[in-house]
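Q: In mature numbering (1 follows the signal peptide of the UniProt record, and there is no 0), the protein residues as written are -20 to -1, 1 to 533. Pasting a structure below so you can have a look.
What follows is the structure, encoded as structure tokens:
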């Protein structure tokens, strides 16, 4: 009996472990059984995602197969997703060249499918690869193509903000639904715990019944021993009678012997019958006990199997929902950080409102185009907006290299930025360096436009350093801005400058003169500000190296 129970337990453990299969193996099995090309397409894509963090070569193979099947089914949306997954696998494998090719394919397919989200992700990946390769012009062209696409299709920043609000509301609903799912799963867990307690109680009852059956079998064995002792006594009595028969006459002895023999046979028959019945009762008890133990084992196996399947399905659904929620939250956070400075966006997410703060030393840059109205009359409205967008995007790309500089806003043809507003230490020399790069960018643009026979923009740039107050204004649409006399003086310094040059105040000059050579202009009359000492930045200061001492013969 003990050996039988041990074998049964080993069988149950093997049955439970047979159900513990990895998701990748499940997907492969489903792929082998798939009958139509669309099912194979989706399963190849899922296998590519599953292998992305495990084996990039295998992930690339499955993703390419999903892409080919998507083309066969004329499914542009799935083709875009499969191409983007292939690009991610190549980038993870440090193969930037193939990654660029597949991201470009994903962008084309996403445009065909009108998938704005995938268009933005593909553009961001391609632009990042170009910047990593220090090809900033290509990165700019990639972003410009995406902007033109959205402009032609009627998508604007306002649409993105409305999509952000809708996305945030959707995320809140999804979070509430996930909490309800968690509560439901907790209730199911409690119910399963109750069923487990009942099963344990039933198991204890079966153990008690087993003990009772063993006690009954022991009693039967004692009765069988009593019957054997009675049989032994009968045999002894038969021997005594046999001796008595010897003293009797032959005839009488034969009669008595015959009678005793009949009685002995009858007694033996009765004893054998009783023994057979006892053996049958004992076998029946053992069979019933084995049936009871087998039933309990099967019931326990089924319950453990149900618990395992329910737990695995619930955990998988919860993990998928949480991963989707985290992805949506990341997209929402990225959108908010594109609208506001990162430290302000972080503060807004944590507290729900932006705090106005005073900064004692902030370097403010103003840029304004010379003869803007005259040049605007020579261009169509579309050409004017396109040229302004190109110039301002160029400014944005330049400022992204400096962590301490934040773009504030554009007003018509004016562009304003400031250094010293975030947690990064302000460095006025970075602002001068960025201003020189902006003038260099405009000079290259001027030469290109001149070669094409088109009008061009030249900018006056003014820089001043001093205290400002910064914060968020508005309720429906957030707007980050700075205020103070420093902003007004920076604007006056810019208006008193010259096109193609950088005009700075004395406050800024004192902070950068050790690194940049400047030309003193004297005291210049500024509107409503009186006389202000101003300087033109000529370029980086050149430090002369001492000549080597002459050698004597």
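Using N, Cα and C, we set each Cβ at its ideal position, and we do this for glycine too.
Nearest to residue 488 by alpha carbon, out of 398, 238, 202?
A: It is 398 whose Cα lies nearest to the Cα of residue 488.
Q: According to DSSP, is residue 539 part of a helix, a strand, or is it coil?
A: For residue 539 there is no data in the structure shown, the boundaries of the chain being -20 and 533.
Q: Determine the burial state of residue 1: buried for a count of at least 16 other Cβ atoms within 10 Å of its Cβ, exposed for fewer.
A: Legend: pLDDT at residue 1 = 40, less than 50; position of this residue unreliable, value from coordinates given subsequently. Residue 1 should be labelled exposed.
Q: What would DSSP say about residue 346, mapped onto helix, strand or coil?
A: Here residue 346 sits in strand by DSSP.
Q: Would you call residue 502 buried or exposed, if buried means 16 or more other Cβ atoms sit within 10 Å of its Cβ?
A: So residue 502 counts as exposed.
Q: Sort 362, 219, 371, 186 by Cα distance to residue 279 and report the nearest one.
A: Checking every option, the nearest Cα to that of residue 279 belongs to 186.
Q: Excluding sequence positions up to five away, which residues of its chain have a Cβ less than 8 Å from the Cβ of residue 418?
A: Around residue 418: 347, 374, 375, 378, 439, 441.
Q: Just the C-alpha distance for residue 204 and residue 248, rounded to the nearest angstrom, thanks.
A: In a straight line, the C-alpha of residue 204 is about 14 Å away from that of residue 248.
Q: Could you compute how far the alpha carbon of residue 393 sits from the alpha carbon of residue 481?
A: Computed Cα separation, rounded: 17 Å.
Q: Looking only at its chain, what residues have a beta carbon closer than 8 Å to the beta carbon of residue 520, apart from the 5 residues adjacent to it on each side?
A: Only 495, 496, 497 meet the Cβ criterion.
Q: Using the Cα positions of residue 387 and residue 76, report the straight-line distance between them to the nearest angstrom.
A: Roughly 31 Å between the two C-alpha positions.
Q: Closer than 8 Å is the cut-off here; do at least three beta carbon pairs connect the segment 461 to 480 with the segment 340 to 359?
A: The answer is yes - the segment 340 to 359 touches the segment 461 to 480, with three or more Cβ pairs under 8 Å.
Q: Quick one: grab the DSSP three-state call for residue 436.
A: Coil, per DSSP.
Q: With distances taken between CB atoms, is the gap from residue 110 to residue 118 smaller than 8 Å?
A: Contact flag set, yes.
Q: State yes or no: is the C-beta of residue 175 within less than 8 Å of the C-beta of residue 289?
A: No, the Cβ-Cβ distance between residue 175 and residue 289 is not below 8 Å.
Q: What span of residues does the alpha helix (DSSP H) with residue 26 cover, start to end?
A: Counting along the chain, the alpha helix (DSSP H) containing residue 26 begins and ends at 17 to 31.
Q: From what residue to what residue does the beta strand (DSSP E) around residue 485 run?
A: Counting along the chain, the beta strand (DSSP E) containing residue 485 begins and ends at 482 to 485.
Q: Would you decide whether residue 466 is buried or exposed? Buried here means 16 or more other CB atoms lie within 10 Å of its CB.
A: Result: buried.
Q: Check whether the segment 44 to 53 and the segment 15 to 27 are in contact - that is, three or more C-beta pairs closer than 8 Å.
A: Result yes; three or more Cβ-Cβ pairs closer than 8 Å.
Q: Just the Cα atoms here: how many angstroms apart are residue 460 and residue 410?
A: Answer to the nearest angstrom: the Cα atoms are 22 Å apart.
Q: Quick one: what's got a C-beta closer than 8 Å to residue 268's C-beta in the same chain, skipping five residues either side?
A: Only 193 meet the Cβ criterion.
Q: Tell me whether residue 382 sits in a helix, a strand or coil according to DSSP, three-state version.
A: Reduced to three states, the DSSP call for residue 382 is coil.
Q: State the Cα-Cα distance for the pair residue 91 and residue 59, rounded to the nearest angstrom.
A: Those two C-alpha atoms are separated by around 11 Å.
Q: Would you mind sorting residue 28 into buried or exposed? The rule is 16 or more other CB atoms within 10 Å of its CB.
A: Buried.
Q: My output table needs one value for residue 83: the three-state DSSP class, helix, strand or coil.
A: Three-state DSSP puts residue 83 in a helix.
Q: Could you tell me the distance, in whole angstroms, from the CA atom of residue 366 to the CA atom of residue 484?
A: The straight-line gap from Cα to Cα measures roughly 30 Å.
Q: Report the residue from 424, 416, 263, 384 whose alpha carbon sits nearest the alpha carbon of residue 370.
A: Per the Cα distances, 424.
Q: Give the range of the alpha helix (DSSP H) segment to which residue 494 is assigned.
A: First-last for residue 494: undefined, no H or E at that position.
Q: Considering only the beta carbon of each residue, do residue 535 and residue 64 sit closer than 8 Å?
A: Nothing can be reported for residue 535, as the shown portion of the chain is limited to -20 through 533.
Q: Can you give the Cα-Cα distance for residue 433 and residue 309, rounded to whole angstroms?
A: In a straight line, the C-alpha of residue 433 is about 48 Å away from that of residue 309.
Q: Can you tell me which of the three DSSP states residue 453 falls into?
A: Of the three classes helix, strand and coil, the one that applies to residue 453 here is strand, per DSSP.
Q: Between which residues of its own chain and residue 221 is the CB-CB distance below 8 Å, once the five residues before and five after are set aside?
A: The answer, listed in chain order, is 236, 240.
Q: Return the bridge partner residues of residue 399 from the DSSP annotation.
A: DSSP, once it has assigned bridges, lists 343, 385 as partnering residue 399.
Q: Skipping 5 residues on each side, what residues in its chain have a beta carbon closer than 8 Å to that of residue 400?
A: Within the same chain, residue 400 has close Cβ partners 339, 341, 342, 343, 384, 406.
Q: Output the distance between the C-alpha atoms of residue 217 and residue 261, rounded to the nearest integer angstrom.
A: Roughly 30 Å separates the two Cα atoms.
Q: Report all residues from its chain with a CB closer than 7 Å to the CB of residue 82; omit the five preceding and five following residues, and keep chain order.
A: Cβ neighbours of residue 82 beyond the five flanking positions: 63, 66, 67, 70.
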